[in-house]
Amino acid sequence: MKITVLSLFPEILRGFFESSIMAKAVERGLMSYELVDIRGYATDKHRKCDDEVFGGGAGMLMLPGPAGAALEAAGSGRRPDGSPGARTVFVTPSGRLFNQAYAAELAREEELVLFCGRYEGLDQRIIEKYVTDEISIGDYVLSSGEVAALVLVDAIYRLVPGVIKGESLAEESFSPMGEGGAGLLEYPQYTRPAEYATMRVPEVLTSGHHANIARWRLEASLAKTIAYRPELLAPAAGLPEEVRRLLRKLCAEGSSYEPDTEDPGRAD
Ligand code: ADE
């Protein structure tokens, strides 16, 4: 997959692409990237990229000229033969809310262009001509699109086949059950020593009894999901009947997120 990120501050992004798992994915030929300075497409002598909003209002808007030229060069919009260009994301707090299913969808693209907003946003004509997806990473406002773009890139590229080991992906939050990202929050995990600061690891996890461990983890996942993200458990989430049954039991017990150390094999 190739990711092109257009920004007025590409240096904010460089460290991410040159480090850690992304650097390895690039080295292995699974990923490639390009960081484009939108200011490089400004034509006046001050390299101006923003102006006031027509109709009045606070703040400045990104100019269509440099933004459009940068997007055109990145392969967004229609190609000369009329076919659609690269899938192009405008990162904005007024976009569609990002989630794991959306990340999985974008991870299937061969090529992605991300446009980072600054100031009050981008001239609407550029959005209409070049942008296929307006995406927000959450219900809060960041001062720049770069940080949000990195959140998208990180969530997307790790789902590209080969970038991360399959087992690690299969077990994490937001994937264990159901298609396309519907799932439970991940259960608590522990490593050595079995006792730390007088706190012991739940017995069941050191018992070697795989069925009981699986059951404890499922209960802990459900309890945590009830406490932090109850909306994930709505009937529409399509949880398997076994999980629904456990959920009813936990609700009847008035569950709060306190994974106990009792062996759940004896709990029924
Ligand atoms: N830019 C500023 N805030 C943002 C958000 N919440 N999501 C995406 N882009 C943004």
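Using our numbering, the letters of the sequence shown map in sequence onto residues 2 to 269. We put the CB at the ideal spot given by N, CA and C, even for glycine. Fair warning: this is a prediction, and the values are worked out from it, not measured in the lab.
- The DSSP-derived three-state label of Arg-88 is strand.
- In the three-state scheme derived from DSSP, where H, G and I count as helix and E and B as strand, Phe-18 is classed as helix.
- Within the same chain, Leu-62, Met-63, Thr-93 and Ser-95 come within 8 Å of Gly-122 by CB-CB distance, once the 5 residues on both sides are set aside.
- Contact annotation: the stretch 116–136 touches the stretch 80–91, with at least three C-beta pairs closer than 8 Å.
- C-alpha of Val-154 to C-alpha of Thr-44: approximately 29 Å in a straight line.
- The criterion of a C-beta distance shorter than 8 Å is satisfied by Leu-113 and Leu-107.
- Rounded to the nearest whole angstrom, the C-alpha separation of Ala-235 and Gly-76 is 41 Å.
- For Val-164 against Ala-26, the beta-carbon gap comes to about 5 Å, under 8 Å, which counts as contact.
- In the DSSP annotation of this structure, Ser-144 is not part of any alpha helix (DSSP H), being labelled neither H nor E.
- Placement of the Cβ of Leu-143 at a distance of less than 7 Å from at least one heavy atom of the ligand ADE is found.
- Ranked by how close their Cα comes to the Cα of Ile-138, the residues Gln-101, Gln-125 and Pro-162 have Gln-101 in first place.
- Looking at the DSSP output, Ile-136 shares a beta bridge with Arg-97.
- Rounded to whole angstroms, Ala-228 and Leu-186 show a C-alpha spacing of 10 Å.
- Exposed is the label assigned to Leu-170, since fewer than 16 other Cβ atoms lie within 10 Å of its Cβ.
- Cβ-Cβ distances below 8 Å link Leu-247 to Leu-219, Glu-220 and Leu-223 in the same chain, with the five nearest sequence neighbours on each side left out; the list follows chain order.
- Where Ile-165 is concerned, there is no enclosing alpha helix (DSSP H), because DSSP gives it neither an H nor an E.
- Cα atoms of Ile-22 and Gly-66: separation of roughly 35 Å, rounded to the nearest angstrom.
- Within the same chain, Cβ atoms closer than 8 Å to the Cβ of Glu-196 are found at Val-202, the five residues on either side in sequence being excluded.
- Looking at the DSSP output, Arg-201 bridges to Glu-196.
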